[in-house]
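Here's the structure we're looking at; comments come further down.
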Amino acid sequence: MSSSESQPSVEDTIGTILPSYGMFTSTVGMNVTVPETTSEEPPTYAPVQSLPPPTIPATTTTTLDSASIATTSHVSSAFNDSVASSRTSVTGGSGSGSVFEASGIDENGSFIIADENTGSWRETILDNVHKLPNLTFESHKISQAVDLEVHFTKEVCEPGKKPTLIQPEIYEYKQGDLLNGYILIRNTSDKPIPYEMFYVLFEGNFMIANPADVLDRVPVKIRKFLEMFDFGASWRLVYDDELPGSCEKPIDPIDGTQLCFGVKKVILPGVTYKRLFTFRIPNNLLDSECNDHGLSKHVEMPPTLGLSRWEVAHYPERAQSKIKDFSMMNTSVSYGVMARFIGRKSTWEADFGKINTTADETRIVNSKGDEYIILKELTNHFRVVQNNTPATDSERLMKLLENKLMYNNLILRIKEKIDHGNQLIESIEKGNFSGSIDIGKQLTETEIELAKCSQLYRPDHLRDAKFNPDKKEYYETFLPLLKKSITRTKNLGTLRLATPKQEYCVSYIPPVRFRTGPIDDLAKSWKFEIPLELSIKFPSISTKSPQLPTIKSIRAELASLTIKSEKYAIPIEFNHDLIFNKQNTGEFLDRDLFFNNVTKPFRKYSTELYNIVQKLGSGNFRMERRLVDDLKAVCNLDDRCMNMIVQDFNVNGQPFKKDAIKWDVTQEGATASVKLGVNLESLLLKGEENVKKGSRSYDRFTLVPDFQSCFMGRMYHIRLTVHLSNGSFSNIKVPVRIQKVV
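For the sequence shown, numbering that gives the first Met the number 0 gives the first residue as 0, with consecutive numbering after it.
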């Protein structure tokens, strides 16, 4: 047999390794000795909780807590789930002799027990690792004695082969790329340091840092949407302990580092350990990341956005080279490879002194009450920006239709609850109420319709969709034209702005330090034309054609919209059609905003439901928990919009002039058509008035590809503003998509 036949390629090998931790614990990580009957769940990539919340039946309803509504300025937080959370306990394992339960929470809820006499104690620790005290940044000599380094390499690391290092600050990854490297571990003290677990993982996190304290490294919100363990690089994750001789080459001849820890679970002084890792960045997240709503965009890989406070804590110098990508303050989407040691506090205190940990509500201890803590951890972050496959026109139209159906369904479900509540109130007030009505158990027609739509409107069924290829749709806004004088206000007609429905695709250009080649071809997409139709319909009662207003100026701005939810999963996918071109007030201040068009109406629904609760009482008016959480999510969405002026802007190929637009006047009205030339290379932020002439916008800031996840999203649009001689401003918005293509 040839060597090529006996050894699989790197591509083949990597494609079959590194499951998520959830899959490992459900399959190869299970005890060999199992009961005759087992109720193990099937493998899943979702984080495995050692103490899952109680299962909520489909008919479970949630009580609206009116007291919580009245005490908040955000009416959406009015809904307080009345479903009581319960915790199940597990009795002590055989032979443990422990006063605690084998694996679970004690009756007072003070401890999570990880009993080493069971086969799942490691999983209990990892499932609750966010609750462990962390000595990484503490001024304790044992943590300071452990030195960790995470290095990335170009090729898969092999003992005896010198690797080519990659600097994560200048390298950008995408889906499908191999993530290679090694971890260096040193004990700089003169004493052995014991540990219980060491593991290496690749993770992606959505994180919101504490805005009240810039030094606080504990996030107020963290959502781990990606988690992959390298079980070969880790220790104490596999079922069998690492035994002497398990490493074919225990010493790397390149640098003399020790490739194995050994069975004693100690970091020896004077020894440098090396652990090799390899991951493959997945093309998508697993469907379980959006279990609640099953939204396709929510399982796409979000791009790196913002700067994680964890990254700054480990690498303070990176704060100086932070990328300007218009992320929300204290909010980030980040990827990194982490190395972490976990051990028992008592094993260190004899040699290194007493360790004081914060008396948190819940601690993770073993069967003897010895507390587990994080000895040291290090995450080296790197940049990930996904490639986008351009959607066909049919796919885009189908997605718009699906989003519209789901959005309207959510509104209709809420309105039906409001209607049912009002009907109940009316029946009681009229004395016609003859019995109880459990509103929560009613399955609405719109919910049934949504179930049908979710089956029908999928990419696999695009061939069944019927579209009229000749039908031309427009984005359009309308503005009444009024001429005001001291004595009266004269109606001049109605101005309509319209542009064909089209999504303008712009190529993603990496920050300067991440570019590996010329960007001339990418930059071509930053220049395009937008057709704009203007029309004025004269008043029907007018006896003569009114005087046409003069167009004083036309302005274009690119807007970057970021949304986030701190607590609840966003229940819908937003698109341009659902959000914008709803208001055109004629004012200079733009009121056609996400908050006004989405968040504010949902808060109004919340207020109506609150008033119903006040009248009926929380025990008489119930709603499905899912609907309550969805309403909370939309009501509490935060949004931030950054507007950038397009300096290089022309009308019909020429700089704008007052008489550049020629009206075609008839007895009924007037029409005009123009082509607006937009060059996004000339974008100018507020405060950049003194920017160097000729400086290109993508050299100063970065427009990441648009995305949506369960807790964050980014969208773009161009806002066109027409300034009229009567002092009015008319606006229209067109969608822009930033996409990274191969």
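Glycine is no exception: its CB is placed at the ideal position from the N, C-alpha and C atoms.
What is the rounded straight-line gap between the Cα of SER366 and the Cα of HIS129?
20 Å
For my contact list, PHE579 and HIS716 are in at a C-beta cut-off of 8 Å; report their separation, rounded to the angstrom.
6 Å
DSSP-derived helix/strand/coil call for TRP234
strand
In angstroms with no decimal places, state the Cα-to-Cα distance between SER564 and HIS380.
23 Å
According to DSSP, is HIS150 part of a helix, a strand, or is it coil?
strand
Smallest Cα separation from VAL703: which of LYS471, GLY305, ASP637, LEU131?
GLY305
Quick one: measure Cβ to Cβ for LEU630 and ILE413, integer angstroms, because I've assumed they're closer than 8 Å.
6 Å
Which same chain residues, not among the five before or five after ASP647, have their C-beta less than 6 Å away from its C-beta?
ASN678, SER681
For LEU377, which option in VAL145, GLY492, ILE644 has the closest C-alpha, if you only look at C-alpha atoms?
VAL145
For VAL673, count the other beta carbons within 10 Å of its own beta carbon; 16 or more makes it buried, fewer makes it exposed. Which is it?
buried
Since ASN595 sits in a beta bridge, which residues does DSSP pair it with?
ASN595 pairs with nothing; no bridge assigned.
Whole runs of the beta strand (DSSP E) within the region 477-560, excluding any shorter than 3 residues
488-499, 503-506, 526-536
Length of the line joining the Cα atoms of PHE728 and ASP176:
49 Å
Where do the N-terminal and C-terminal ends of the beta strand (DSSP E) with PHE381 fall, by residue?
371-383
Leaving out the 5 sequence neighbours to the left and right, which residues in its chain are closer than 7 Å to LEU399 when beta-carbon positions are compared?
ASN574, ASP576
Could you say which of ASP212, PRO302, PHE151, PHE537 lies nearest to LEU225 if we only look at CA atoms?
PRO302
Along the chain, which unbroken stretches of the beta strand (DSSP E) at least 3 residues long are found entirely within the region 113-177?
145-152
Please look up how many angstroms separate the CB atoms of PHE742 and GLY420, rounded, as I've assumed it's under 8 Å.
Nothing about residue 742 can be read from this structure; the chain reaches only from 0 to 741.
Confirm, please, whether the CB-CB distance from ILE535 to ARG495 is below 9 Å.
yes
Continuous alpha helix (DSSP H) stretch holding CYS634: start and end:
624-634
Between which residues of its own chain and VAL511 is the CB-CB distance below 7 Å, once the five residues before and five after are set aside?
ASP698
Check GLN422 in the structure and name its three-state DSSP category.
helix
Are the CB atoms of PHE276 and LEU164 within a distance shorter than 9 Å?
no
Does the Cβ of LYS264 have 16 or more other Cβ atoms within 10 Å, making it buried, or fewer, making it exposed?
buried
With a CB to CB cut of under 8 Å and the five nearest residues on each side skipped, what residues in its chain are close to MET328?
PRO210
What is the residue span of the alpha helix (DSSP H) that HIS313 lies within?
308-313
Roughly how many angstroms lie between the CA atoms of ASP638 and LYS323, to the nearest whole one?
17 Å
Within 10 angstroms of the Cβ of GLU154, are there 16 or more other Cβ atoms? Answer buried if so, exposed if not.
exposed
Whose CA, out of HIS150, VAL627, GLU572, ALA568, lies closest to the CA of LEU404?
GLU572
Please list the terminal residues of the continuous beta strand (DSSP E) segment that includes ARG713.
711-723
Which of the three DSSP states is assigned to GLN613 in this structure?
helix
Are there 16 or more other CB atoms within 10 angstroms of the CB of LEU147, so buried, or fewer, so exposed?
buried
Sufficient close CB pairs (3 or more, under 8 Å) joining the region 155-162 to the region 226-235
no
Keeping to the same chain, check which residues put their C-beta closer than 8 Å to that of ILE417; ignore five residues upstream and five downstream.
TYR604, GLU607, LEU608, ILE611
DSSP state of PHE601, grouped into three classes?
helix
To the nearest angstrom, how far is it from the Cα of ARG339 to the Cα of THR388?
36 Å
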